[in-house]
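Protein chains in written order, with the numbering used here: chain G, 12 to 478; chain B, 23 to 334.
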């Protein structure tokens with residue numbers, strides 16, 4: 012006979028079984044290994060469609076349960092901050108550029124990089140400078156890919172003003188702007204170089220600064236923003252703004268320059284090929300006039316552009332799956348060819364050797380990888396017309412550099428980037444909100460505060476020759 | 023019944039009463055515990071942590087720090103960006119709250135009347151309050167977009183904007199603040215309207231009828247009856263709105279991200295930029311708690327007013 016007590020007993024036992032079931036399953040999965048990865052939602056959505064199944068497949072081959080979580084690029088740093096504070100979360104965290112501020116909480120990946128170097132040769136220099144801290148001698152991140160940042164120009168408009176191949180120097184932009192207004196009065200912003208508080212503007216203004224001979228820090232980490240070269244860059248931008256830009260560029264977010272170019276509201280922007288791929292996917296009218304130029308030259312002859320994205324994969328110290336995480340990162344570099352194709356040539360391998368033809372002997376791998384990359388760019392497998400439209404990207408390495416140039420991408424440079432000190436300096440000078448010199452001095456004061464703070468934490472060098 | 027029997031019955035009764043009192047007290051504690059726990063864990067601890075962090079050089083990527091005294095406060099006070107954000111915070115709060123109370127009053131009065139489609143109107147008025155702010159702000163982002171602004175296109179079609187004329191809503195410091203205040207007012211209006219509507223309906227009809235008999239006009243009734251009787255609830259609405267606006271960063275962050283050139287930041291958004299995005303937690307905390315004295319005064323006033331309103 013069933014009593015109320017026996018019913019209750021049965022109910023408790025059933026509830027316990029139901030509650031424990033998933034735990035038992037989870038424990039089984041854990042026993043086989045688990046890996047949680049957090050990374051951005053790629054600007055070219057096709058990449059995520061390649062990456063997620065690839066990561067899962069890698070996991071199933073190695074008996075590891077792989078989970079991939081995506082966040083918007085703006086949430087990558089706040090999410091890392093939260094996970095560090097909680098000392099729990101994902102095993103692998105992908106940064107877009109500057110992971111250096113989190114150095115203390117990540118494991119040293121020197122062994123991974125060394126093994127990859129043995130296999131594929133050295134990574135590209137800008138990747139090394141973005142993932143290694145020479146001051147603490149720690150390989151705090153691993154870069155599997157970087158993204159070139161060419162100029163995007165409207166062929167028809169630039170042809171009409173006598174520059175069919177687009178601008179070559181920064182001076183060309185100033186000369187072209189009034190002409191563009193004449194031949195394309197419907198375009199709201201002849202030259203679309205962002206001066207706002209966003210990631211693309213942050214890169215654009217650094218390009219202008221470097222090509223005029225200025226920089227935030229020197230190669231040793233001394234603050235050198237207060238310089239005649241910076242002043243020259245600010246005066247140039249003021250001139251460019253007055254002849255070729257509008258207040259719209261002060262409000263742009265990361266997508267705005269893409270949207271403006273794709274809507275044919277501007278004739279020149281600085282961007283990776285993601286906007287172009289969007290135009291292709293949507294068969295936009297701008298497509299036939301969508302062309303690219305290399306980085307522009309400044310009056311100093313310097314021709315440089317910041318990388319558009321630099322992946323920086325870290326493995327948290329709190330991760331219980333560090334060895335698996337390292338294995339995964341090695342596999343990701345091994346898959347550099349698929350990664351580049353998965354991203355429709357947006358991602359460029361940080362280890363060129365990893366894109367080499369199979370069977371190539373190690374000393375020849377870099378050369379072979381570079382040849383394969385060039386072959387993709389020279390004949391775009393994703394339907395560019397003409398097919399060699401992206402050919403210049405294959406030669407982008409000499410004019411691409413890391414944030415923090417001519418030094419390393421250290422945490423002080425990261426804070427300068429994330430708090431928009433340099434974009435503000437340029438915007439204030441360009442709009443006349445401040446005299447260029449005052450804007451420079453204000454930014455220099457803030458730069459020194461930031462660098463001093465990180466030096467006190469013994470994570471950044473220099474200081475003896477601050478200006 | 024003899025005396026002993028009476029006593030023997032009284033003792034268990036007293037015990038029962040004591041037991042009941044104890045159980046009630048225990049129940050009270052149990053019922054209050056979740057609220058107290060919530061306040062302690064999610065309000066008091068983070069607040070004390072923020073005060074503590076503002077006195078340190080703590081950074082986002084590190085769990086180590088050292089005390090720097092008031093250095094963070096000295097640094098931020100010397101910063102032109104902070105000074106601008108402080109001014110913006112007061113401007114943002116003052117203008118948006120005055121507008122919200124004024125428009126809320128107009129809407130509440132309109133909703134008191136009977137008209138066709140009143141329930142639909144009520145639903146539409148409440149929509150902004152129910153809509154997720156990130157989603158709503160994205161729509162506003164397009165409305166105010168510097169290149170594709172719908173407002174500008176309408177003004178162009180209406181002939182208000184001539185050739186070459188264009189409003190760069192988010193690219194100009196003043197227009198940027200106008201855009202931010204507009205979205206915030208749109209967002210806060212339903213809350214204010216509902217509170218004021220509740221206040222208006224609580225005024226007995228007899229009072230208005232008596233005033234009519236005494237020959238009071240609409241203005242006289244507003245000044246001598248409606249406003250005094252609504253004052254406690256009006257103050258509560260205003261104070262809630264002020265505290266909410268002082269501490270809000272979502273509209274600024276989603277609409278302008280503090281730009282152009284950090285000119286539209288309020289303290290909350292600047293604290294997020296410096297503390298979370300920039301990784302300087304100590305500096306961010308010092309910006310965030312800078313308005314603590316003002317907010318404490320507001321909170322005390324709010325509590326007093328609500329108590330007075332309760333008594334009334």
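Glycine included, C-beta positions come from ideal geometry on N, C-alpha and C.
Owing to the predicted nature of the structure, the values given are computational and were not obtained by experimental measurement.
- Between residue 306 of chain G and residue 218 of chain G, the C-beta gap is smaller than 8 Å, which places the two residues in contact.
- Within the region 202-222 of chain G, the residues whose Cβ lies closer than 8 Å to any Cβ of chain B are, in chain order, 206, 207, 208, 209.
- Residue 230 of chain B sits in a helix when the DSSP states are folded into three classes.
- With respect to chain G, the C-beta atom of residue 84 of chain B has a partner C-beta closer than 8 Å.
- Residues 303, 304, 307 of the same chain have their beta carbon placed closer than 7 Å to that of residue 75 of chain B, with the five preceding and five following residues left out of the count.
- Inclusion of residue 468 of chain G and residue 234 of chain G in the CB contact set at 8 Å is not warranted, their separation being larger than that value.
- Take the alpha-carbon of residue 360 of chain G and the one of residue 96 of chain B: they are about 46 Å apart.
- Per the coordinates, the alpha-carbon of residue 302 of chain G lies some 11 Å from the alpha-carbon of residue 282 of chain G.
- Under DSSP, residue 319 of chain G shares a beta bridge with no residue.
- By the Cβ criterion, the region 280-295 of chain G is not in contact with the region 149-157 of chain G, since fewer than three pairs of Cβ atoms, one from each stretch, lie closer than 8 Å.
- Leaving aside the five residues that flank residue 174 of chain G on each side, the residues in its chain whose CB is nearer than 7 Å to its CB run, in chain order, 183, 187.
- A residue is called buried when at least 16 other Cβ atoms come within 10 angstroms of its Cβ; residue 319 of chain B does not meet this threshold and is exposed.
- In the structure shown, residue 217 of chain B adopts helical secondary structure according to DSSP, grouped into three states.
- Around the CB of residue 215 of chain B, 16 or more other CB atoms lie within 10 Å, so the residue is classed as buried.
- About 14 Å separates the CB atoms of residue 188 of chain B and residue 201 of chain B; that is not less than 8 Å, and the two are not in contact.
- Contact between residue 67 of chain B and residue 121 of chain B fails: their C-beta atoms lie close to 35 Å from each other, not under 8 Å.
- For residue 302 of chain G, the three-state secondary structure derived from DSSP is strand.
- Residue 105 of chain G places its beta carbon less than 8 Å from that of residue 50 of chain G.
- Interface annotation for the region 94-112 of chain G against chain B: 95, 112, criterion Cβ-Cβ distance under 7 Å.
- Counting only residues of its own chain and dropping the five nearest sequence neighbours on each side, residue 218 of chain B has a CB closer than 6 Å to the CB of 126, 127, 130.
- For residue 159 of chain B, not one C-beta of chain G is nearer than 8 Å to its own C-beta.
- For residue 68 of chain B, no chain G residue has a Cβ inside 9 Å of its Cβ, as the nearest lies near 11 Å away.
- In the three-state DSSP reduction, residue 47 of chain G falls in the strand class (E or B).
- Bounds of the alpha helix (DSSP H) holding residue 306 of chain B are 303-310.
- Interface residue (Cβ-Cβ distance to chain B less than 8 Å): residue 257 of chain G is classified as such.
- When C-beta atoms of the region 67-79 of chain G are compared with those of the region 330-344 of chain G, three or more pairs fall below 8 Å, so the two segments count as touching.
- An exposed status is given to residue 323 of chain B, since fewer than 16 other beta-carbon atoms sit within 10 Å of its beta-carbon.
- Looking only at G:190, G:180, G:475, G:315, the smallest Cα-Cα distance to residue 167 of chain G is reached by G:190.
- For residue 234 of chain B, there are no neighbours in chain G by C-beta distance under 7 Å, as the nearest C-beta there is about 54 Å away.
- The C-beta distance from residue 325 of chain G to residue 333 of chain G rounds to 11 Å, too long to fall under 8 Å, and the pair is not in contact.
- Counting C-beta pairs with one atom in each stretch, the region 140-149 of chain G and the region 381-388 of chain G have fewer than three that are closer than 8 Å, which means they do not touch.
- Measuring C-alpha to C-alpha distances from residue 394 of chain G to each of G:457, G:255, G:367, G:298 identifies G:298 as the nearest.
- Interface annotation, residue 93 of chain B: not in contact with chain G, CB-CB separation never under 8 Å.
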